[in-house]
Amino acid sequence: MKKIIFLASATLLLFAACNNDGNDASEIERLREEAIAIHDEIMPQISAFDRNTVKIDSLLLNLPQLKEAYPDMDTTQTRADLSGLKSQLEQATNSMMDWMTEFEVDPQDKSTAEIKAYYEEEVEKVKDMKQLFEAASKSSTDKLAQF
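If you count by mature numbering (1 follows the signal peptide of the UniProt record, and there is no 0), then the sequence shown holds residues -16 to -1, 1 to 131, one letter each, in order.
Shown next as structure tokens:
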């Protein structure tokens, strides 16, 4: 009788352990998919950022002509604003490129807990990057609207 109880307990523990691995695996997959989904959402903005960077370069190059068109323009302030915006757009783009280079789709040689922690960290990174993209996009829209 003790053997049957022991065998039943061992079987129950085995099933519980396997079920927990399944939960961890599904949580890991959910985290990976969340990171990639956020990436996929913000990645297309890079082409707009690149176009705006080219526009900023053109505006900076043609500030004397802009001063003629807008006599009240403070070209020193405009140069500072546009240069700051260009840096913000480049920072957002570079953060995406760095994240994509460093992101591991399928980390090897790590425990389940380490993989889960890795993807949790990556989700936070990509969420921070999304905020950076949103701020750069808003600044770009606001500052370039007058040109």
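Positions of the beta carbon are idealized from the N, C-alpha and C atoms, including for glycine. None of these values were measured; they are calculated from a predicted model.
The stretch 69 to 83 contacting the stretch 110 to 121, beta-carbon criterion three pairs below 8 Å: Output reads yes: the stretch 110 to 121 touches the stretch 69 to 83.
Three-way DSSP call (helix, strand, coil) for Phe33 in this model: The sequence position of residue 33 within the sequence shown is 49, counting from 1. Correct three-state label for Phe33: helix.
Short Cβ contact (9 Å threshold) for Leu44 with Phe131: Your numbering for residue 44 matches position 60 in the sequence shown. Your numbering for residue 131 matches position 147 in the sequence shown. Their beta carbons are not under 9 Å apart, which means Leu44 does not touch Phe131 by this criterion.
Buried or exposed (CB count within 10 angstroms, at least 16 for buried), Arg63: The sequence position of residue 63 within the sequence shown is 79, counting from 1. Arg63 should be labelled exposed.
Proximity to His23 [Cα-Cα], best of Asp126, Gln115, Val110, Ser124: Position 39 of the sequence shown, counted from the first residue, corresponds to residue 23. If we check each option's Cα against that of His23, Val110 comes out closest.
Alpha helix (DSSP H) segments (min. 4 residues) lying fully within the stretch 42 to 71: Counting only runs that start and end inside the stretch 42 to 71, the alpha helix (DSSP H) elements of at least 4 residues fall at 47 to 53.
Buried/exposed call for Lys94, threshold 16 Cβ in 10 Å: In the sequence shown, residue 94 corresponds to position 110, counting from 1. Residue burial annotation: Lys94 is exposed, with fewer than 16 other C-beta atoms found within 10 angstroms of its C-beta.
Separation of Gly6 from Thr125, as counted between CA atoms: Residue mapping note: residue 125 aligns to position 141 of the sequence shown, counting from 1. Residue mapping note: residue 6 aligns to position 22 of the sequence shown, counting from 1. One C-alpha to the other measures close to 46 Å.
Ser79 to Asp65 span [Cα, whole Å]: As a working mapping, residue 79 is identified with position 95 in the sequence shown. As a working mapping, residue 65 is identified with position 81 in the sequence shown. In this structure, the CA atom of Ser79 is about 21 Å from the CA atom of Asp65.
Nearest-angstrom Cα separation, counted from Ile99 out to Gln115: Against the sequence shown, residue 115 aligns to sequence position 131. Against the sequence shown, residue 99 aligns to sequence position 115. The straight-line gap from Cα to Cα measures roughly 25 Å.
Ala(-9) in three-state terms, based on DSSP: On the sequence shown, position 8 is the one that residue -9 refers to. Model confidence at Ala(-9) stands at a pLDDT of 39, short of 50, so the residue's coordinates are unreliable; what they give is reported in the following sentence. Note: Ala(-9) maps to helix in three-state DSSP.
Glu104: first and last residue of the uninterrupted alpha helix (DSSP H) it sits in: As a working mapping, residue 104 is identified with position 120 in the sequence shown. Counted as a single uninterrupted DSSP element, the alpha helix (DSSP H) harbouring Glu104 occupies residues 96 to 128.
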